[in-house]
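For the sequence shown, the working numbering assigns the number 2 to the initial residue and increments by one for each residue that follows. Ideal placement from N, C-alpha and C gives every residue a C-beta, glycine not left out. Bear in mind the structure is a predicted one, so any value in this text is a computation, not a measurement. Some notes on the structure that comes next.
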Amino acid sequence: MNTPTQPAPASTPPPTQHDRRRFRGALIVAGLAIVVGLVVWGARHNSVAQHASTDKKRGASGPIPVTAAIARIQPVPVWLTALGTVTPRSYVNVMPRVSGLLQSVHYREGQMVKAGQLLAQIDPRPFRIAVEQAQGVVMRDQAQLDGARLDLTRYQTLQAQDSIAHQQVDDQKALVAQYTATLAADRAALDNARLQLAYTRIIAPVSGLAGLRPVDAGNMVNTSGAIGAGAQSASGTAVGGSATPIVTLAQVQPVTVTFAIPQQQIGPVLQHLYAGKAPLVEAWDARNSARLASGKLLAADNQISTATGTLNLKAEFANQALTLYPNQFVNVRLRVATLDKAVVVPSSAVAVGVPGTYVYVVDADGKVAVRKVTAGVSDAGLTVIASGLQAGEKVVTDGLDRLRAGGAVRIVAAHTGDNTNAGQARGRHGAGQQGAGQGRTP
């Protein structure tokens, strides 16, 4: 019996070069996927570790360090502010009072001169001659008067003896009276000549700062200044054809400052002024960073300007250090009242944000709370709290931008106040002005 034979299994064909390339590409893709997965896993692990480390550090840092101050009660002045102009107490153009040759100039430009000081000298020789002539006329007429009086005495003696006519005696009396009047006129002329001679010495009528010299020695001058059109001084200023002084004097000790305030604010100012209590006035520089001088209110104008609705005021300053100069622009502070018992905090403790005007109050547990307040006037780095805060409460003055309501704080220093010029300038513009911390959101 024949056993059937089974077919031999088909042989597997050997892999081709194309198959080998596909296998190699799959291996590369798988390897790249594994590498990317490892990188992503490592990055996430590091991020989690960093967050854990940061959270640990934050938890270890504890309360936020801040500076704080205690609200206290003290008097606070109320100021009005304005822009003022420095004006001399008096401004004098010293003019020649006689004509002649300007011999010499005795003042220094830009320097202080005293009242009665010699400023310039006009040639006195013609005026001395005029005085001598007037003296000669007086002497001649005096001799004539003396002779007439002697004759009158003799005539009166003869009249008593009835040896002369009465008319002759009366005529002699009239002649004596005529000579007396003539002598009086001669003496007046002599006084006038002496006065003209005195005018050749140009004297300072007031004390003050001398301006630049407009006329030089050697010029012919008269009561209108230098003679001759087109004349110029050493500074190049034309002195011909117009009244040119020998010197200008500005009285600056004391000096005045003129400024204007709105008509709505004049009530308390005029009450103090007319009651004889001149309010205190301070002059500050253009940047409000330095106080130049302190003085008092001197006078108020007699009408309000219809164009601006303001009243012009004038203040007086001793100006011993010459910190105020004519035509200088200054910031003026006028004290109109004083709040005797005001609750004040440093201006840096007051902030403005979404709740309005607020402060951070520190409680007994060292946590802060946002307290909405009503701020009043500011002065010398302090702000008045009209409502919302009591004296004795503790407020944060530095580090407000890092705080949140209910957060814990640690007071590292007490606020000692801001007495610098810059601190004073921050709070000098009246109600509503705040210090540091404006614009924050709690």
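If you reduce the DSSP assignment to three classes, tell me which class residue i lands in.
{"i": "D302", "result": "strand"}
{"i": "K115", "result": "coil"}
{"i": "E110", "result": "coil"}
{"i": "R90", "result": "strand"}
{"i": "Q329", "result": "coil"}
{"i": "M140", "result": "helix"}
{"i": "A316", "result": "strand"}
{"i": "Q321", "result": "coil"}
{"i": "L33", "result": "helix"}
{"i": "A415", "result": "strand"}
{"i": "R195", "result": "helix"}
{"i": "V216", "result": "coil"}
{"i": "V170", "result": "helix"}
{"i": "H295", "result": "The question names His, but residue 295 is Ser in the sequence shown. Strand."}
{"i": "T181", "result": "helix"}
{"i": "Y445", "result": "Because residue 445 is not part of the residues shown, which for the chain are 2 to 443, the question remains open."}
{"i": "A189", "result": "helix"}
{"i": "Y200", "result": "coil"}
Does the distance from the CB of residue i to the CB of residue j come in under 9 Å?
{"i": "R202", "j": "L103", "result": "no"}
{"i": "L325", "j": "F318", "result": "yes"}
{"i": "T82", "j": "R334", "result": "yes"}
{"i": "V77", "j": "T339", "result": "yes"}
{"i": "T88", "j": "L146", "result": "no"}
{"i": "E447", "j": "V362", "result": "Given that the chain is displayed from residue 2 to residue 443, the structure contains no residue 447 and the question cannot be resolved."}
{"i": "T384", "j": "V337", "result": "no"}
{"i": "I267", "j": "A301", "result": "yes"}
{"i": "V446", "j": "L210", "result": "One cannot answer for residue 446 here, as it falls past the ends of the chain, which runs 2 to 443."}
{"i": "A205", "j": "V95", "result": "yes"}
{"i": "A190", "j": "F260", "result": "no"}
{"i": "V67", "j": "V413", "result": "yes"}
Can you tell me whether residue i is buried or exposed? The criterion is at least 16 other CB atoms within 10 Å of its CB, across all chains shown.
{"i": "A287", "result": "exposed"}
{"i": "Y275", "result": "exposed"}
{"i": "F330", "result": "exposed"}
{"i": "L271", "result": "exposed"}
{"i": "P215", "result": "buried"}
{"i": "N332", "result": "buried"}
{"i": "T375", "result": "exposed"}
{"i": "L84", "result": "exposed"}
{"i": "Q75", "result": "exposed"}
{"i": "N303", "result": "exposed"}
{"i": "S290", "result": "exposed"}
{"i": "S348", "result": "buried"}
{"i": "E133", "result": "exposed"}
{"i": "I29", "result": "exposed"}
{"i": "T181", "result": "exposed"}
{"i": "A185", "result": "exposed"}
Write down the C-beta distance between residue i and residue j rounded to the nearest angstrom, noting that I regard them as a contact closer than 8 Å.
{"i": "T398", "j": "A69", "result": "6 Å"}
{"i": "E110", "j": "L250", "result": "Not quite, the Cβ-Cβ distance comes to about 12 Å (not below 8 Å), so this is no contact."}
{"i": "K297", "j": "A279", "result": "4 Å"}
{"i": "A199", "j": "A135", "result": "About 14 Å separates the two Cβ atoms, so there is no contact after all."}
{"i": "P127", "j": "N223", "result": "So it is not a contact: roughly 13 Å between Cβ atoms."}
{"i": "K368", "j": "G408", "result": "7 Å"}
{"i": "A149", "j": "V177", "result": "5 Å"}
{"i": "A116", "j": "S208", "result": "5 Å"}
Looking only at its own chain, which residues have a Cβ that is under 8 Å from the Cβ of residue i, when we skip the five neighbours before and after it?
{"i": "Q391", "result": "A72 and V344"}
Can you list, in chain order, the residues of its chain with a C-beta nearer than 6 Å to that of residue i? Leave out the 5 residues immediately preceding and following it.
{"i": "S225", "result": "A244"}
{"i": "G101", "result": "I123 and D124"}
{"i": "A387", "result": "T375 and G377"}
{"i": "H310", "result": "It should be noted that the sequence gives Gly, not His, for residue 310. Contacts found: Q264."}
Flag residue i as yes when its Cβ comes closer than 8 Å to any non-hydrogen atom of the ligand NAD, and as no otherwise.
{"i": "T384", "result": "The ligand NAD is not part of this structure, which contains no ligands at all."}
Please tell me whether residue i has its Cβ less than 9 Å away from any Cβ of chain D.
{"i": "A182", "result": "The displayed structure is made up of one protein chain only, and chain D is not part of it."}
Looking only at its chain, what residues have a beta carbon closer than 7 Å to the beta carbon of residue i, apart from the 5 residues adjacent to it on each side?
{"i": "I165", "result": "Y156 and L159"}
{"i": "R372", "result": "Y359, V360, V362, G389 and L390"}
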